[in-house]
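**Q** Heads up: the protein sequence lines correspond to chains A and B, in order.
Be aware that the first sequence starts at 6, since it is given in the working numbering, and climbs by one per residue.
Be aware that the second sequence starts at 6, since it is given in the working numbering, and climbs by one per residue.
From the three backbone atoms N, C-alpha and C, an ideal C-beta is built for every residue, glycine too.
Number of protein chains: 2
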Amino acid sequence: MSRFRVEVLVTPRPGLLDPEGGAIHHALASLGYDEVAEVRVGKAIYLEVAADSAATAAARVEESCRRLLANPVTEDFTVTVRGEA
Amino acid sequence: MSRFRVEVLVTPRPGLLDPEGGAIHHALASLGYDEVAEVRVGKAIYLEVAADSAATAAARVEESCRRLLANPVTEDFTVTVRGEA
């Protein structure tokens, strides 16, 4: 049994309104960053997971994304094992 | 001038209390995911940035992280250019 570092990125689905991204976009423009054309904001979740293999750790985290970490109606997610802790 | 997709990951500094991560950890445990040993939650910010080069886009976004997107007291950040939009 090893312990794996797993990264989950949860992002708003394309086309969905993202008020937090809009607020950051507006703030960047007011600071002079007018070369920024779009901003979308999601969550980065880092987990340490005990598992027999990286594949098992990824599978368990993907399942937990579907059950808890991401909203399937409004969000997409990616799961990446970043190595052993 | 091209438009680059830039990913910013903002994470709580190690050792700093992360109440949102703690709440997710607790919720995962109550669903049976007791192999999860630690949860840290940050932000994933995706920007589209017009710039002459990927290096310029990254430099501008790094500057905006120091000025706006991340809190230097409590958060670390990484900036990665993910390609052209």
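Output the distance between the C-alpha atoms of residue 22 of chain A and residue 16 of chain A, rounded to the nearest integer angstrom.
**A** The residue labelled residue 22 of chain A in the question sits at position 17 within the first sequence. The residue labelled residue 16 of chain A in the question sits at position 11 within the first sequence. Going by the C-alpha atoms only, they are around 12 angstroms apart.
**Q** Rounded to whole angstroms, what's the CA-CA distance from residue 41 of chain A to residue 80 of chain A? Just pull it up for me.
**A** Here residue 41 of chain A refers to the residue found at position 36 of the first sequence. Here residue 80 of chain A refers to the residue found at position 75 of the first sequence. So the two alpha carbons sit approximately 23 angstroms from each other.
**Q** May I have the straight-line CA-CA distance separating residue 33 of chain A from residue 18 of chain A, to the nearest angstrom?
**A** Residue numbering aside, residue 33 of chain A sits at position 28 when the first sequence is read from its first letter. Residue numbering aside, residue 18 of chain A sits at position 13 when the first sequence is read from its first letter. Whole-angstrom Cα-Cα distance: 22 angstroms.
**Q** Return helix, strand or coil for residue 33 of chain A, following the three-state DSSP convention.
**A** Mapped onto the first sequence, residue 33 of chain A falls at position 28. Helix.
**Q** Name, please, each residue of chain A whose Cβ falls closer than 9 angstroms to the Cβ of residue 20 of chain B.
**A** Residue 20 of chain B sits at position 15 when you count from the first residue of the second sequence. Going along chain A, no residue has its Cβ under 9 angstroms from residue 20 of chain B, so there is no contact; the nearest lies around 14 angstroms.
**Q** Report the residues of the region 64-88 of chain B with a CB closer than 9 angstroms to any CB of chain A, ordered along the chain.
**A** From the region 64-88 of chain B, only 65, 66, 68, 69, 72, 73 and 74 have a Cβ closer than 9 angstroms to chain A.
**Q** Could you please tell me which residues of the region 30-64 of chain B, in chain order, have their CB closer than 7 angstroms to any CB of chain A?
**A** Within the region 30-64 of chain B, the residues whose Cβ lies closer than 7 angstroms to some Cβ of chain A are 32, 33, 36, 38, 40, 41, 42, 43, 44, 45, 46, 47, 48, 49, 50, 51, 52, 53, 54, 55 and 56, listed in chain order.
**Q** Would you list the residues sitting across from residue 51 of chain A in a DSSP beta bridge?
**A** The residue labelled residue 51 of chain A in the question sits at position 46 within the first sequence. Paired residue(s): A/12 and B/45.
**Q** What would DSSP say about residue 86 of chain A, mapped onto helix, strand or coil?
**A** As a position in the first sequence, residue 86 of chain A is number 81, starting the count at 1. Strand at residue 86 of chain A.
**Q** What residues match up with residue 56 of chain A in a beta bridge as DSSP calls it?
**A** Residue mapping note: residue 56 of chain A aligns to position 51 of the first sequence, counting from 1. According to DSSP, residue 56 of chain A bridges with A/7.
**Q** Just tell me which of B/52, B/12, B/28 and B/8 has its CA closest to the CA of residue 28 of chain A.
**A** What you label residue 28 of chain A is simply residue 23 of the first sequence in a count that begins at 1. That would be B/52, whose Cα lies nearest to the Cα of residue 28 of chain A.
**Q** Please report how far the alpha carbon of residue 54 of chain A lies from the alpha carbon of residue 62 of chain A, in whole angstroms.
**A** Here residue 54 of chain A corresponds to residue number 49 of the first sequence, with the count starting at 1. Here residue 62 of chain A corresponds to residue number 57 of the first sequence, with the count starting at 1. Their backbone Cα atoms lie some 6 angstroms apart in a straight line.
**Q** Considering only residues of the same chain and omitting the five flanking positions on each side of residue 75 of chain B, which have a CB-CB separation below 7 angstroms?
**A** Taking the first residue of the second sequence as position 1, residue 75 of chain B is located at position 70. Taken in chain order, the residues that qualify are 15 and 82.
**Q** Measuring straight from C-alpha to C-alpha, what distance separates residue 70 of chain B and residue 12 of chain A?
**A** Indexing the second sequence from 1 puts residue 70 of chain B at position 65. Indexing the first sequence from 1 puts residue 12 of chain A at position 7. Going by the C-alpha atoms only, they are around 21 angstroms apart.
**Q** Let me make sure I understand the geometry here. Which of A/20, A/6, A/9 and A/38 has the alpha-carbon closest to that of residue 66 of chain B?
**A** Counted from its first residue, the second sequence places residue 66 of chain B at position 61. Considering only alpha carbons, the answer is A/38.
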